[in-house]
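Taking it in order: structure first as structure tokens, then the write-up.
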Amino acid sequence: MQWNGGSVKVSGWRKEERGGVGWRGAGGTLLGGFGCGGGVIECNPTPLPWVALFLSVHTHGQIAREAEAAMFHRQLFEELRRSTHLTRDPSEAAAIGAVESSLKCCASAIIVLTKTGRSAHLISRYRPRAPIIAVTRNGQTARQCHLYRGIFPVLYTKPSNDARGFFKEGDVVIVLTGWRPGSGYTNTMRVVPVP
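Note that the sequence shown covers residues 1243 to 1437 in this note's numbering.
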């Protein structure tokens, strides 16, 4: 890694090891110690500590994005589905169906209307290629959704015309809802074209 005005050397995990974390199915990574993976950052000439930290975090983020882009989502989904025990939970069955449908129709997003966030968490477990947009009225649910891979929570307080760029006109999205209010009733999946 280079710094304008000197070099920055990060010892600790190699780039290949950090990229492998994504392949092994980690939902996230935590930077510890003085650098990525507890490595030590040596700078010459010494920049401000926050510059070295920024460079370390920036490089770590680039590696994570590259590892994510190189994944074979269909193969990973099949492996995760085979390794998961059979269940009679309709929410989990709907989650599996949503991920499979999103892969088959190249959906731009999976939209989940959720009260507790459980449906979005179940979908995240199967690592879909499409982003999961969890729409909720509960602030705590929205905050907790940030902890899961691929979930982008939307705290819905009133109707708005907020264009975030997740999808465009003509794209296909998957919408998951429950057949009645409350937790544990998610069983309806629709494939909807964006008007």
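For each residue, glycine too, the CB sits at the ideal point set by N, CA and C.
From W1421 to M1431, what distance separates their C-alpha atoms? 10 Å
Does the Cβ-Cβ distance between L1364 and E1334 come in under 8 Å? yes
Anticipated Cβ contact below 8 Å, A1351 with P1332, distance rounded: 22 Å between Cβ atoms; not a contact.
Residue range of the unbroken alpha helix (DSSP H) whose run includes V1341: P1332 to K1346
Counting C-beta neighbours from all protein chains within 10 Å, is the total for S1425 16 or more, i.e. buried, or is it exposed? exposed
Considering only the alpha carbon of each residue, which of F1296, S1298 and T1326 lies closest to Y1368? T1326
Report the rounded CA-to-CA distance for P1435 versus L1418, giving the unit in angstroms. 14 Å
With the cut-off set at 8 Å, would you say V1433 and I1416 are in Cβ contact? yes
Express the C-alpha separation of V1377 and R1371 in angstroms, rounding to a whole number. 19 Å
Going by the CB atoms, is the gap between I1393 and A1362 shorter than 8 Å? yes
In this structure, how does DSSP classify A1351 when only helix, strand and coil are distinguished? strand
Measuring straight from C-alpha to C-alpha, what distance separates R1360 and D1413? 26 Å
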